[in-house]
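Protein chains in written order, with the working numbering: chain F, 508 to 900; chain X, 508 to 900. We treat Cβ as the ideally placed atom computed from N, Cα and C, and that holds for glycine. The structure appears below as structure tokens.
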């Protein structure tokens, strides 16, 4: 393998499994079968086609394609299988509670598992895995930091090449090229049915105020109605704010950043709104310490923007506003914790979050910023230093 | 909307629904609820967050985010909803058979639907939709043709920039940039749990013989073990075969092509194997006429390669070979029909397939080609003219 990072990852796996097992015991899950590729990679160190079995005594990794590669990547014991049915041979006619990722597992696959284990009870194990994943190790943090630094290079490149008449798709292509030359994984992962993520959420002027199906403040035309979000064929004009909402990914770990550029001077209301977004950032950087409720942070953001008279522009076009101001990030672009309405659980030290106050104006476009932070005892610490103001060219 | 193509798409929708309804009646499905984004786009013309209800009398499109945009894109009647539960209000306590996409619908979402319709029976409707989708209209064909032409530009660009020392990821970034500047949708769609598709399957020398979890002849290191397939950090060396297996996508429609490049002269066994791949193509182009069984085409390919002594190199490293030689393509990168072992159904006129005979050599790499074709009465017709030999630079 060509990856120096792999050794450190392998060393972390036993600890991750141990923490997972403790949660399983607490929740009364006797066996977990982990199938989703991202969870599998988190708990085993490999993303080959396999199933991780964890019970209260031990664990093994069943692999279909390819056992040999999985064994090179993962420190766990690899057992080759040729089909799902082989599980029956290894686990026997299991009668207890099996944990499965029921939020993502398709019905047809679930039916097969029920046939293999007709006497088992099934329980959703995804909340446990997501809870585990939300707190990042120093090694994981270093991967997200690398991804964040790639965004820094993307922004630098955008400042070099932005010109009137360049299309959003062309600009995105240039930025993807820059990111990939630094090791960026141009496939972002987003959990859940129908969820599709892309790096190239690069929107100019009015595009940023186009509503999309994505539960996010900014939509965009996208390349076509078949993929109706993100960069489209629209060309950049002077005086328009261009939002580089560009997710980057290194060794499977994402970072999420947005900065604004403008050829010339942006319209006054947008400039003012951007300053309020920075005010939201300053407020939350201080308040976001371990123990504070995630929902309180969202409410604090709302208070700032309403005080400044931008309540109807915050996080989307009124009344279709997204009800969050930030989200956890790691092996998926959006994961717990969510700084959102109703999310009344505490923020914890070691979590990594993307904070993204944004304002949208019908027909005019959007402004705002997004930064990936580590949660520390002293508040939020950005993983890369970037200018915050609208960058006028 | 900025899309001239939208008008023609809208005109096709009523016909697609009509054909779908006929299949539903034949299969005894009284109501279909279509949720998956790609199927929804196919049947409604919009990929907004919605649910298409089709029954024997009519159809309506329930949309959560955003009804207004969905109504601009789709010719169907749009009914705004705020949550899944609203379906109960509109459909009542339905007691018949509901068709759902059970191959992709997650268990948790299915449980919600069962709670909403406790007396209904559920049946998998995906096979019907995939059958419908396999035959392409002239308009759909024109979209796949545009995607194919984008590959032509990608190949041209690769010939300009390939140089010793460029990494697979750098080369991929350059090609994505070229493709996006022509309207390419840099998010390829692949149906099914854990299925991830990327355009940048750009592999050099030994990389092409690295096994991956993907059910495909070529693997690749990928950027890291977190995403262990496709282009990686490896740098191109003279004498290595570089495979540009690069999927392109226009207006949601994919094309899939592979061509080989080499800085200098490729090793003799690879050169010979590539000629055999071209022989497979010539054989299948003639034999692939409407009515022939898809499995027969796979067997015909096997016969050619075994006659030439390359049976153990065909479609992957022995014994981990993929058991197909081609696949349908359209709104997803891989869809029925499959030119594969055991697929004993006839090829039909109007289907579009990607034919991809490839040969893999341990440690040396791979060769072969892939072309997207229309199935016509006279055999296969390529959607773009491309050179077939290994392009030596």
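Nearest CA to the CA of residue 734(F): which residue from 652(X), 555(X), 798(X)? The sequence position of residue 734(F) within the first chain is 227, counting from 1. Residue 555(X) is the option with its Cα nearest to residue 734(F).
Look up residue 508(F) in the DSSP assignment and say whether it is helix, strand or coil. In the first chain, counting from the first residue as 1, residue 508(F) sits at position 1. In this predicted model, residue 508(F) has a pLDDT of only 48, less than 50, meaning its place in the structure is not dependable; the value taken from the coordinates is given anyway. If DSSP states are grouped into helix, strand and coil, residue 508(F) belongs with coil.
Can you tell me whether residue 836(X) is buried or exposed? The criterion is at least 16 other CB atoms within 10 Å of its CB, across all chains shown. Sequence index remark: in the second chain, residue 836(X) carries index 329 (1-based). It counts as buried.
Interface partners of residue 604(F) on chain X, CB under 9 Å: Position 97 of the first chain, counting from 1, holds the residue named residue 604(F). Taking a Cβ-Cβ threshold of 9 Å, none of the residues of chain X is close to residue 604(F); the smallest such distance is about 15 Å.
Along the segment 531-554 of chain X, what residues have a CB closer than 8 Å to any CB found in chain F? 542, 543, 544, 548, 552, 553, 554
For residue 705(F), go through chain X and note every residue whose CB falls closer than 8 Å to its CB, in chain order. Against the first chain, residue 705(F) aligns to sequence position 198. Ordered by position in chain X, the residues that pass the 8 Å Cβ test against residue 705(F) are 693, 694.
By a C-beta neighbour count over all protein chains shown, 10 Å radius and 16 as the cutoff for buried, is residue 851(F) buried or exposed? Mapped onto the first chain, residue 851(F) falls at position 344. It is exposed - the Cβ of residue 851(F) has fewer than 16 other Cβ atoms within 10 Å.
Run down chain F in chain order and give the residues with a C-beta less than 7 Å from the C-beta of residue 687(X). The sequence position of residue 687(X) within the second chain is 180, counting from 1. In chain order: 676, 677, 679, 680.
Quick one: residues in its chain with C-beta nearer than 6 Å to the C-beta of residue 875(F), no 5 flanking neighbours on either side, listed in chain order? Looking up residue 875(F) in the first chain gives position 368. Same-chain partners within the cutoff: 784, 864, 865, 866.
Interface flag, residue 901(X) vs chain F, CB-CB below 8 Å: Because chain X is modelled from 508 through 900, residue 901(X) falls outside the range shown and cannot be assessed.
DSSP on residue 781(X), reduced to helix/strand/coil? Translated into the one-based positions of the second chain, residue 781(X) becomes position 274. Helix at residue 781(X).
Measure from the alpha carbon of residue 632(F) to the alpha carbon of each residue in 765(F), 625(F), 547(F), then state which is nearest. As a first step, residue 632(F) is located in the first chain; it is residue number 125 there, counting from the start. Here the closest residue by C-alpha is 547(F).
In whole angstroms, give me the CA-to-CA distance for residue 751(X) and residue 772(X). Position 244 of the second chain, counted from the start, is the residue given in the question as residue 751(X). Position 265 of the second chain, counted from the start, is the residue given in the question as residue 772(X). Residue 772(X) has its alpha-carbon roughly 17 Å from the corresponding atom of residue 751(X).
Closest to residue 706(F) by C-alpha separation, out of 714(X), 694(X), 698(X), would be which residue? Counting from 1 along the first chain, the entry for residue 706(F) is found at position 199. When each option's Cα is compared against that of residue 706(F), the closest is 694(X).
Considering Cα atoms alone, identify which of 528(X), 698(X), 717(X) is closest to residue 868(X). For the purposes of this step, residue 868(X) is identified with residue 361 of the second chain, where counting begins at 1. The shortest C-alpha separation from residue 868(X) is found at 717(X).
Determine the DSSP secondary structure at residue 646(F), reduced to helix, strand or coil. Numbered from its first residue, the first chain carries residue 646(F) at position 139. In the structure shown, residue 646(F) sits in a helix (DSSP, three-state: H, G or I).
What does a CB cutoff of less than 6 Å around residue 628(X) pick up in its chain, not counting 5 residues either side in sequence? In the second chain, counting from the first residue as 1, residue 628(X) sits at position 121. Answer for residue 628(X): 604, listed in chain order.
Rounded separation between residue 612(F) and residue 606(F) - CA only: Sequence index remark: in the first chain, residue 612(F) carries index 105 (1-based). Sequence index remark: in the first chain, residue 606(F) carries index 99 (1-based). Their Cα atoms are separated by approximately 12 Å.
With distances taken between CB atoms, is the gap from residue 747(X) to residue 711(X) smaller than 8 Å? On the second chain, residue 747(X) is found 240 positions in, with the first residue counted as 1. On the second chain, residue 711(X) is found 204 positions in, with the first residue counted as 1. Yes, the pair counts as a contact, with Cβ atoms nearer than the cut-off.
Quick one: Cα of residue 699(F) to Cα of residue 834(F), how far? Counted from its first residue, the first chain places residue 699(F) at position 192. Counted from its first residue, the first chain places residue 834(F) at position 327. Roughly 15 Å separates the two Cα atoms.
Going straight from the alpha carbon of residue 588(X) to that of residue 741(F), what length do you get? As a first step, residue 588(X) must be located in the second chain, where it is residue number 81. As a first step, residue 741(F) must be located in the first chain, where it is residue number 234. When rounded, the distance between both Cα atoms is 30 Å.
Just how far apart, CA to CA, sit residue 825(X) and residue 831(X)? Numbered from 1 along the second chain, position 318 holds the residue referred to as residue 825(X). Numbered from 1 along the second chain, position 324 holds the residue referred to as residue 831(X). When rounded, the distance between both Cα atoms is 14 Å.
Name the DSSP beta bridge partners of residue 752(X), please? By one-based count along the second chain, residue 752(X) stands at place 245. Looking at the DSSP assignment, residue 752(X) forms a beta bridge with 708(X), 765(X).
Whether or not the segment 614-624 of chain F and the segment 651-659 of chain F are in contact is what I'm after, with contact meaning three or more pairs of Cβ atoms, one per stretch, closer than 8 Å; do they touch? no
Is the shortest distance between the beta-carbon of residue 580(F) and the beta-carbons of chain X less than 8 Å? For the purposes of this step, residue 580(F) is taken as the residue at position 73 of the first chain. So, interface residue.
Ignore the nearest five residues each way along the sequence and tell me which others in residue 602(F)'s own chain have a CB closer than 6 Å to its CB. Against the first chain, residue 602(F) aligns to sequence position 95. For residue 602(F), where only same-chain residues beyond five positions count, the Cβ hits under 6 Å are 626.
Verify the contact flag: residue 647(F), CB atom, against every heavy atom of the ligand FMN, threshold strictly below 7 Å. Ligands displayed in this structure: none; no statement on the ligand FMN is therefore possible.
Residue 859(X) and residue 544(X) look like a contact to me (Cβ under 8 Å); what is the Cβ gap, rounded to whole Å? By one-based count along the second chain, residue 859(X) stands at place 352. By one-based count along the second chain, residue 544(X) stands at place 37. Beta-carbon to beta-carbon, residue 859(X) and residue 544(X) are separated by about 20 Å, too far to satisfy the 8 Å threshold.
Rounded to whole angstroms, what is the Cα-Cα separation between residue 508(X) and residue 553(X)? Numbered from its first residue, the second chain carries residue 508(X) at position 1. Numbered from its first residue, the second chain carries residue 553(X) at position 46. Bear in mind that a pLDDT of 48 at residue 508(X), under 50, signals an unreliable position, so the number given afterwards is only what the model happens to contain. In this structure, the CA atom of residue 508(X) is about 12 Å from the CA atom of residue 553(X).
Residues of chain F with CB under 8 Å from residue 807(X), in chain order? As a working mapping, residue 807(X) is identified with position 300 in the second chain. Within chain F, no residue comes near residue 807(X); the closest Cβ sits about 26 Å away, beyond 8 Å.
Could you list which residues in chain X have their beta carbon closer than 7 Å to that of residue 649(F), in chain order? As a first step, residue 649(F) must be located in the first chain, where it is residue number 142. Per Cβ cutoff of 7 Å: no residues; residue 649(F) is ~13 Å from chain X at best.
Would you kindly report the start and end of the unbroken beta strand (DSSP E) that includes residue 567(F)? For the purposes of this step, residue 567(F) is taken as residue 60 along the first chain, with counting starting at 1. DSSP places residue 567(F) inside the beta strand (DSSP E), whose first and last residues are 566-572.
Scan the segment 709-728 of chain F for residues whose Cβ lies nearer than 9 Å to a Cβ of chain X and list them as they occur along the chain. 717, 718, 719, 720, 721, 722, 726, 728
Listed by chain order, chain F residues near residue 690(X) by CB distance under 7 Å: Position 183 of the second chain, counted from the first residue, corresponds to residue 690(X). Here the neighbours are 676, 730, 740.
Closest residue to residue 805(X) among 580(X), 862(X), 737(X), 641(X) (Cα-Cα distance): The sequence position of residue 805(X) within the second chain is 298, counting from 1. Residue 805(X) has its Cα closest to that of 862(X), out of 580(X), 862(X), 737(X), 641(X).
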